[in-house]
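Data block below; observations after.
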Amino acid sequence: MDGLEAVLRDRGFAVLAPAGVAALAGVALAELELLAASWDDLRPDAYLKDGGRYRKRRHSCFVADAAGLRQVPHRMHWQSLDYNALHGGMQRWFDPVDPAVVARPAWSKLLLALARVCSACRPEPRWSIEAHQFRIDTADGVGRPTPEGAHRDGVDFVAVVLVARNGIKGGETRVFQADGPDGQRFTLAEPWSLLLLDDAKVIHESTPIQPLDGYGHRDTLVLTYRAAGFQGDDAG
Numbered sequence: 139m140d141g142l143e144a145v146l147r148d149r150g151f152a153v154l155a156p157a158g159v160a161a162l163a164g165v166a167l168a169e170l171e172l173l174a175a176s177w178d179d180l181r182p183d184a185y186l187k188d189g190g191r192y193r194k195r196r197h198s199c200f201v202a203d204a205a206g207l208r209q210v211p212h213r214m215h216w217q218s219l220d221y222n223a224l225h226g227g228m229q230r231w232f233d234p235v236d237p238a239v240v241a242r243p244a245w246s247k248l249l250l251a252l253a254r255v256c257s258a259c260r261p262e263p264r265w266s267i268e269a270h271q272f273r274i275d276t277a278d279g280v281g282r283p284t285p286e287g288a289h290r291d292g293v294d295f296v297a298v299v300l301v302a303r304n305g306i307k308g309g310e311t312r313v314f315q316a317d318g319p320d321g322q323r324f325t326l327a328e329p330w331s332l333l334l335l336d337d338a339k340v341i342h343e344s345t346p347i348q349p350l351d352g353y354g355h356r357d358t359l360v361l362t363y364r365a366a367g368f369q370g371d372d373a374g
């Protein structure tokens, strides 16, 4: 984990291969792969302001502290307009992550392992975690993983885990310095590979996806870690 922290501190982001993600979480890769089937049961995102039908999702919130990981009562997802000019400033309610998924040991081990990385980089006693299951598909011809464009999320750290990539082209990840011109472009291609971001240092986006032949989709698990509580609690 020390190498991951050093890269994250130095560059503002780090990429970890699937075997490294499994080792970080202390589980077999097969245990993570057991979570993937739940992405077939996500619900349409009814809040897309571009009128698209390409995004399905579920969302749940957790707290990680010295006592471990616990799920909090179901709540909204909220971002300010400063961080999401397209969908910020409104309460968005999504169906929660399936309790059977949350109950799997690999789920809690992954979320807690990433909390430990966050604490090693920025010592905090408590992390408020939002977990988003996303499926971006090509039902409309084009799917947009980040319709808001290059952005920060208004948190401390963001983890993007690729769960599946089927029948698509595109979906390139782009990470840029928040206060400078330098940037990197790459594509997360292997299931359970991980991109970890320091949200204060970098902005990020993913390019649209298109089908290779008829229909395709890209599944991700996005986890945000914020020390100051959940966004929206301190709004207004």
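For what it's worth, my numbering labels the leading residue of the sequence shown as 139, then goes sequentially.
Yeah, the Cβ is synthetic: ideal placement off N, Cα and C, and Gly gets one too.
Since the structure is predicted, the reported quantities are computational estimates derived from the model, not experimental observations.
Alpha-carbon spacing of residue i relative to residue j, whole angstroms
i	j	result
V153	P243	23 Å
S198	P234	5 Å
A204	P237	23 Å
Y353	D179	17 Å
E171	H270	17 Å
V301	T358	5 Å
V255	A202	12 Å
P182	F324	28 Å
Q209	G309	31 Å
L207	F272	22 Å
F200	L334	18 Å
R356	Y192	10 Å
A175	E143	31 Å
A338	D294	7 Å
V360	G189	22 Å
According to DSSP, residues forming a beta bridge with residue i
i	result
H423	No statement about residue 423 is possible, as the shown extent of the chain runs from 139 to 374 and does not include it.
R264	Bridge partners of R264: none, in fact.
Y363	I267, F295
L334	A152, A297
F272	R195, T358
N-terminal and C-terminal residue of the alpha helix (DSSP H) that residue i is part of
i	result
D245	Per the sequence shown, residue 245 should be read as Trp rather than Asp. 243-259 is the span of the alpha helix (DSSP H), which, as asked, contains W245.
V159	156-163
V235	That residue, V235, is in no alpha helix (DSSP H); it is neither H nor E in DSSP.
Bounding residues of the beta strand (DSSP E) (the contiguous stretch that carries residue i)
i	result
L96	Because residue 96 is not part of the residues shown, which for the chain are 139 to 374, the question remains open.
P349	347-349
G281	Element bounds for G281: n/a, residue is neither H nor E.
G321	321-324
R104	The structure shown does not extend to residue 104, since the chain is modelled only from 139 through 374, so no value can be given for it.
Three or more C-beta pairs below 8 Å linking the region 328-335 and the region 264-282: no
Fully enclosed by the region 172-211, which beta strand (DSSP E) runs are 3 residues long or longer? 193-203, 206-209
Does the structure place the region 338-349 close enough to the region 284-298 that three or more beta carbon pairs sit under 8 Å? yes
Could you tell me whether the region 209-217 touches the region 251-263, using the rule of 3 or more Cβ pairs below 8 Å? no
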